[in-house]
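Visitor:
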Amino acid sequence: MTYSSTKSLRARRLLPWLVAITLLLVFSGGLVHLLTESWWFESVGYGSVFWLRLKWQLALGLGGFVLYGGGLWASYQMALRLTRDRTYRFLSRYSDQTQRDQLERLLNLGALGLIFVLALGVALRAASAWQAVLQFLNPTVFGTNDPIFGRDIGFYVFKLPLWQGLQDTLLGLLVWSLLIAATVYALKGEVRPERGWKYFLTGEAKAHLCLLLAAIAVLLAAGFWLDRYSLLYADGGVIFGAGYTDVHARLQAYWLMGFVTLAVAALFVIALGRSGFSLPIFGIVIYLGLLVLVNGLYPWFQQNFVVEPNELTIERPYIEHNIAFTREAYNLTSVTSEPFPAENNLTRSTIEANGPTVGNIRLWDYAPLLSTYKQLQEIRLYYNFEDVDIDRYTLNGDYRQVALSARELPVEQLPSEAQNWINRQLKFTHGFGVVMSPVNQVTPNGLPEFFIRNVPPNSTVDLPLDQPRIYYGESTRNYIFTGANTDEFDYPLGDTNAAYRYTGAGGVRLNSFLRRLVYAYDLGNLRVLISNYFNNETRIHYHRLITDRVRQVTPFLTFDSDPYPAIIDGRIKWILDGYTSSDRYPYSEPLNRRTDLVSLVDSTNPLMRNGVNYIRDAVKVFIDAYDGTLEFYARDRDDPLLATYSRIFPNVFQPIEAMPAAYREHLRYPEDIFTVQAQMYRAYHMENPEVFYNREDLWRFPEQTKDDVAETMEPYYIIMKLPKLGQEEFLQILPFTPANRDNMIAWMAGGSDGDNYGRLLLYEFPKQELVFGPTQIEARISQTPEISEQLTLWNQQGSGVIRGTLLVVPVEQSLLYVQPIYLRSDQGELPELRRVIVAYNDQVVMRETLDQSLEVIFGAASASPPTPTPEGTDVAAPANTVAALVQAALQAYQDGQQALQQGDWQRYGTAQQQLEGILQELNQQNP
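For the sequence shown, the positions run 2 to 928 when the numbering used here is used.
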């Protein structure tokens with residue numbers, strides 16, 4: 002044996018080892034990460050979710066790789082075997098047989114590499130389809146059939162996606178098999194154009210390609226059969242879903258093309274016993290002609306010359322389908338509609354009788370309040386308030402609406418010189434406490450009154466906060482270690498800092514050298530392995546961002562964009578609303594299709610990006626801010642999607658009946674789903690097909706002016722008593738206006754308390770009367786001289802005016818409009834609430850407080866009734882009445898002059914009115 006042959010043999014022996022080592026190095030990171038993820042899932046109590054998902058991902062991935070790669074390899078090997086007596090044409094130029102053999106081996110390796118890459122891509126797609134496969138195996142009946150094919154909706158949601166994916170994958174397998182085999186035959190000279198187009202391929206090679214082409218035709222026929230169901234998601238007509246042309250032209254075209262494609266497959270099989278390709282080529286020509294005729298021209302003719310001249314009459318039943326299925330998919334069928342007369346009969350006694358409603362009117366907007374919280378309560382530069390949320394509590398015996406924000410500690414805000422590994426991972430590990438203030442109270446300086454403030458928390462209400470530390474939140478993006486041989490920073494304490502050692506059960510214990518080694522490799526940080534700070538009690542905390550945390554366990558849910566904290570049993574609990582959603586509900590309008598109306602749903606929201614056309618408020622998630630404990634409660638037991646997920650993951654969801662009462666008190670109807678339902682209801686409150694077709698009663702969301710920019714009004718939470726109900730509730734409400742006008746047409750409320758949770762109520766105003774919309778009220782405010790002059794003056798004195806959200810507050814059968822006015826210095830970021838505007842009927846008033854504005858419109862609050870005077874008794878005026886009136890007149894004059902010097906025209910006008918009234922009373926006493 003020569004030296005070169007020995008070297009070649011040695012190389013071939015080493016090659017498998019080199020490949021194995023390379024693959025191990027390439028995939029070692031993923032394998033180690035899987036191990037750390039398994040430890041994390043076990044630490045949060047959902048290990049069964051991880052192992053079930055991993056088992057199916059591996060099974061589908063390996064199965065897809067073996068079947069796809071095996072199919073391609075088998076087709077390639079068959080082509081090689083059928084041409085074993087031939088060599089590649091371009092190799093004939095090489096006279097050395099050894100060189101030709103080496104090049105042929107390289108070609109085989111190249112083909113193997115291509116097959117490996119293709120199979121790997123399919124394996125990854127197959128592994129990612131684990132959710133679709135599990136849904137296919139665990140379907141739930143919806144109990145509603147589609148109007149065209151009569152199939153239960155569950156078929157479209159749970160089964161059709163997998164059938165379509167399988168057909169697409171098999172078609173790709175056959176097409177690639179055909180291309181690889183045809184390439185081999187062409188390179189080896191089996192394809193001979195000189196014989197003519199009928200006989201360029203013969204023998205076993207022809208049989209191989211004909212069978213592949215026949216199989217492709219069969220799969221294309223199956224695709225036409227499946228495409229029939231996709232007509233229920235057609236998006237080219239007057240409505241979303243199958244219209245007249247789809248049902249009477251395209252559906253027949255799919256049937257016809259399916260049979261024609263099967264006939265072409267049969268022609269390829271028949272061609273096996275005949276010379277030439279004349280029969281299948283004839284079939285392909287007929288196929289292409291019919292494809293253009295019946296799948297293109299015929300539907301076009303039907304739409305333009307049959308449907309459009311009589312569109313409303315012909316499309317009427319399909320419009321009815323679209324309306325009915327859209328209303329069902331978004332749960333709009335549960336909306337209860339009632340008339341709201343919008344009377345103008347409020348009095349002082351009515352206002353006082355609705356004290357909880359009026360007393361909980363929100364005067365603090367999110368943005369100004371968040372800015373104020375940051376200025377007053379972040380305490381140190383490393384603390385941060387991510388958001389302000391609205392909730393309600395019973396405090397000191399009163400049912401109050403409050404604003405709440407958690408004081409988190411994102412390490413990114415540490416000074417650059419403090420951005421070291423010790424500080425980021427061991428020292429600055431947690432935020433501390435919350436800030437709480439009532440939505441309707443203001444200090445004399447225009448700042449919020451605090452119920453809970455400072456570090457450590459100082460509370461003025463009966464709401465204990467025994468564990469204020471926040472290890473898991475909305476800003477906790479980095480991993481940390483607790484239980485180390487060094488104290489954590491707890492909170493600033495004078496000139497020093499308080500220290501703390503974590504005592505919770507959160508995180509994964511690093512109680513062995515193996516775990517430290519694995520995490521050091523996974524994190525790419527050798528300190529985890531060699532640091533002396535670690536011991537057997539040390540824990541690593543990751544997936545600390547609460548949205549990331551819940552998605553790890555339930556990636557099949559879509560979550561609300563606004564998590565909110567609640568103080569429950571002395572601890573901070575994050576509450577997150579989880580939705581089940583689908584884009585496979587027949588005839589239901591996708592949320593992102595309404596391009597003719599401005600949407601309140603952010604375009605980055607998954608509900609907008611994924612073409613969702615079915616949604617349910619299905620799951621409530623509670624996350625402990627201290628130890629990261631996850632609790633999932635199945636709220637909507639009637640949702641088929643949730644029923645399927647519950648069968649797939651039986652240990653994840655607890656029944657809603659098991660939810661503690663303290664948790665229930667803080668459930669609120671989520672903003673995202675309420676906005677989605679309001680978004681769809683603007684058009685789909687019209688149940689009459691003709692009205693819907695003509696868009697006669699289309700609604701939109703009101704607009705209001707903020708910083709001289711028109712913005713769409715967002716839903717807002719409020720405590721109020723609905724008409725015909727006996728007590729106040731925590732509601733989310735949103736007004737509507739007609740599409741082309743600014744007056745209000747209706748308002749919608751979503752309940753959050755008790756048995757009324759999720760109850761949607763619509764109150765419609767009389768169409769024959771004018772009910773002012775927010776835009777019109779804004780215009781009236783701007784046209785009130787005293788108000789506009791004052792706002793203009795403030796804007797010119799080194800400060801900026803911030804006009805808050807204009808709230809429409811229903812009281813009994815009437816409407817109050819309330820808008821807070823904030824002042825912010827040009828040099829500062831501390832907005833102060835300085836005025837409150839109230840509009841009612843034809844009056845628009847601006848005063849320092851809400852009570853003062855209400856007093857101007859409805860009179861002073863009632864006091865104790867005076868002691869009755871016996872009949873016939875003369876009542877003498879007090880001796881000092883005239884003197885008191887003169888003194889009051891002087892005081893009013895001085896107040897007016899002071900206001901005039903300060904440019905406060907509003908207060909100057911008030912003082913002048915007071916002076917006039919006092920002078921008139923003096924005149925009456927001295928005729």
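Each residue gets a CB set at the ideal place from its N, CA and C atoms; glycine is no exception. Just so you know, these numbers come straight off a predicted model, no measurement behind them.
Considering only C-alpha positions, which residue in the set Ser-178, Asp-578, Glu-43 and Asp-169 is nearest to Gln-78?
Guide: Nearest of Ser-178, Asp-578, Glu-43 and Asp-169 to Gln-78, Cα basis: Ser-178.
Visitor: Would you check whether the ligand ADP has a heavy atom nearer than 8 Å to the C-beta of Val-176?
Guide: The ligand content of the structure shown is nil, which means the ligand ADP is not present either.
Visitor: If you check the beta carbons only, do Arg-516 and Trp-40 fall under 9 Å apart?
Guide: Result yes, Cβ atoms of Arg-516 and Trp-40 sit closer than 9 Å.
Visitor: Examine the Cβ distances between the region 411-421 and the region 372-390 and report whether three or more of them are shorter than 8 Å.
Guide: Because the criterion of three Cβ pairs below 8 Å is met, the region 411-421 and the region 372-390 touch.
Visitor: Quick test of the definition: if touching needs 3 or more C-beta pairs under 8 Å, does the region 305-314 touch the region 802-819?
Guide: At 8 Å Cβ cutoff, the stretches do not touch.
Visitor: Compute the Euclidean distance between the alpha carbons of Ile-778 and Ala-840, then round it to the nearest angstrom.
Guide: Going by the C-alpha atoms only, they are around 7 Å apart.
Visitor: Per DSSP, which residues does Glu-688 bridge with? Please list them.
Guide: DSSP lists no partner for Glu-688.
Visitor: Can you list, in chain order, the residues of its chain with a C-beta nearer than 6 Å to that of Pro-469? Leave out the 5 residues immediately preceding and following it.
Guide: Closer than 6 Å at Cβ, skipping near neighbours: Phe-433, Gly-434 and Pro-458.
Visitor: By how many angstroms is the C-alpha of Arg-636 removed from the C-alpha of Gly-752?
Guide: Approximately 15 Å, taken between the alpha carbons.
Visitor: DSSP puts Ala-208 in a beta bridge; with which residues?
Guide: Its beta-bridge partners do not exist; DSSP assigns none.
Visitor: Rounded to whole angstroms, how far is the Cβ of Leu-851 from the Cβ of Asn-441, which I believe are closer than 8 Å?
Guide: At roughly 7 Å, the Cβ-Cβ gap stays under 8 Å, so Leu-851 and Asn-441 are in contact.
Visitor: Is Phe-482 helix, strand or coil when you go by DSSP?
Guide: If DSSP states are grouped into helix, strand and coil, Phe-482 belongs with the strands.
Visitor: Check this for me: beta carbons of Gln-553 and Phe-156, under 9 Å apart or not?
Guide: Not in contact: Gln-553 and Phe-156 (Cβ atoms no closer than 9 Å).
Visitor: When we look at the beta-carbon of Glu-730 and count the other beta-carbons within 10 Å, is it buried (16 or more) or exposed?
Guide: With 16 or more other Cβ atoms within 10 Å, it is buried.
Visitor: So what's Leu-920 in DSSP terms, helix, strand or just coil?
Guide: The answer is helix: DSSP assigns Leu-920 an H, G or I state.
Visitor: Starting from Thr-184, trace the beta strand (DSSP E) both ways and give me its first and last residue.
Guide: Run containing Thr-184: none in the beta strand (DSSP E); it sits in the alpha helix (DSSP H), 161-188.
Visitor: Are the C-beta atoms of Asp-523 and some chain D residue less than 9 Å apart?
Guide: Looking at the structure shown, chain D is missing, and only one protein chain is on hand.
Visitor: Spatial neighbours of Tyr-823 within its chain, please: C-beta separation below 7 Å, excluding the five flanking residues on both sides.
Guide: Hits under 7 Å: Pro-369, Ile-803, Gly-805, Pro-832, Glu-833, Leu-834 and Arg-835.
Visitor: Would you kindly work out how many angstroms separate the C-alpha atoms of Ile-720 and Asn-361, rounded to a whole number?
Guide: Distance between the alpha carbons of Ile-720 and Asn-361: 6 Å.
Visitor: So, Asp-827 versus Ala-567, is the Cβ gap smaller than 9 Å?
Guide: For Asp-827 and Ala-567, no; Cβs fall outside 9 Å.
Visitor: What do you reckon, are the CB atoms on Phe-117 and Gly-65 nearer than 9 Å?
Guide: Not a contact, by the Cβ cut-off of 9 Å.
Visitor: Ignore the nearest five residues each way along the sequence and tell me which others in Glu-321's own chain have a CB closer than 8 Å to its CB.
Guide: Once the five neighbours on either side are set aside, the close Cβ partners of Glu-321 are Pro-690.
Visitor: Measure the alpha-carbon distance for Glu-105 versus Val-613 and round it to whole angstroms.
Guide: Approximately 52 Å, taken between the alpha carbons.
Visitor: How about Lys-428 and Glu-329: do their beta carbons lie closer than 9 Å?
Guide: Taking 9 Å as the Cβ cut-off, Lys-428 and Glu-329 do not qualify as a contacting pair.
Visitor: Residue range of the alpha helix (DSSP H) that Asp-549 falls in?
Guide: That run of the alpha helix (DSSP H) goes 547-554.
Visitor: Output needed for Leu-920: all residues of its chain with C-beta closer than 7 Å, excluding positions within five of it in sequence on either side, in chain order.
Guide: Hits under 7 Å: Ala-890.
Visitor: According to DSSP, is Pro-300 helix, strand or coil?
Guide: Of the three classes helix, strand and coil, the one that applies to Pro-300 here is helix, per DSSP.
Visitor: Span of the alpha helix (DSSP H) holding Arg-317?
Guide: Its alpha helix (DSSP H) spans residues 312-330.
Visitor: Quick one: grab the DSSP three-state call for His-34.
Guide: Reduced to three states, the DSSP call for His-34 is helix.
Visitor: Rounded to the nearest angstrom, what separates Pro-1 and Thr-373 at their Cα positions?
Guide: This structure does not reach residue 1, given that the chain is present from 2 up to 928, and the question cannot be answered.
Visitor: Going by the beta-carbon positions, is the gap between Ser-480 and Leu-524 smaller than 9 Å?
Guide: The question names Ser, but residue 480 in the sequence shown is Tyr. It is a contact, given that the beta carbons lie within the stated cut-off.
Visitor: By how many angstroms is the C-alpha of Gly-447 removed from the C-alpha of Ala-343?
Guide: Spanning the two alpha carbons is a distance of roughly 32 Å.
Visitor: What distance in whole Å lies between the Cβ atoms of Tyr-580 and Tyr-670, which are believed to be in contact at a cut-off of 8 Å?
Guide: Actually they do not touch by this definition, with Cβ atoms about 12 Å apart.
Visitor: Taking all protein chains shown into account, do 16 or more other C-beta atoms lie within 10 angstroms of the C-beta of Gln-705, making it buried, or fewer, making it exposed?
Guide: Gln-705 should be labelled buried.
Visitor: Given this structure, state the Cα-to-Cα distance separating Ile-838 from Gln-853, to the nearest angstrom.
Guide: Their backbone Cα atoms lie some 10 Å apart in a straight line.
Visitor: From Ala-250 to Trp-301, what does the alpha carbon distance come to, in whole angstroms?
Guide: Taking the straight line joining both Cα atoms gives about 9 Å.
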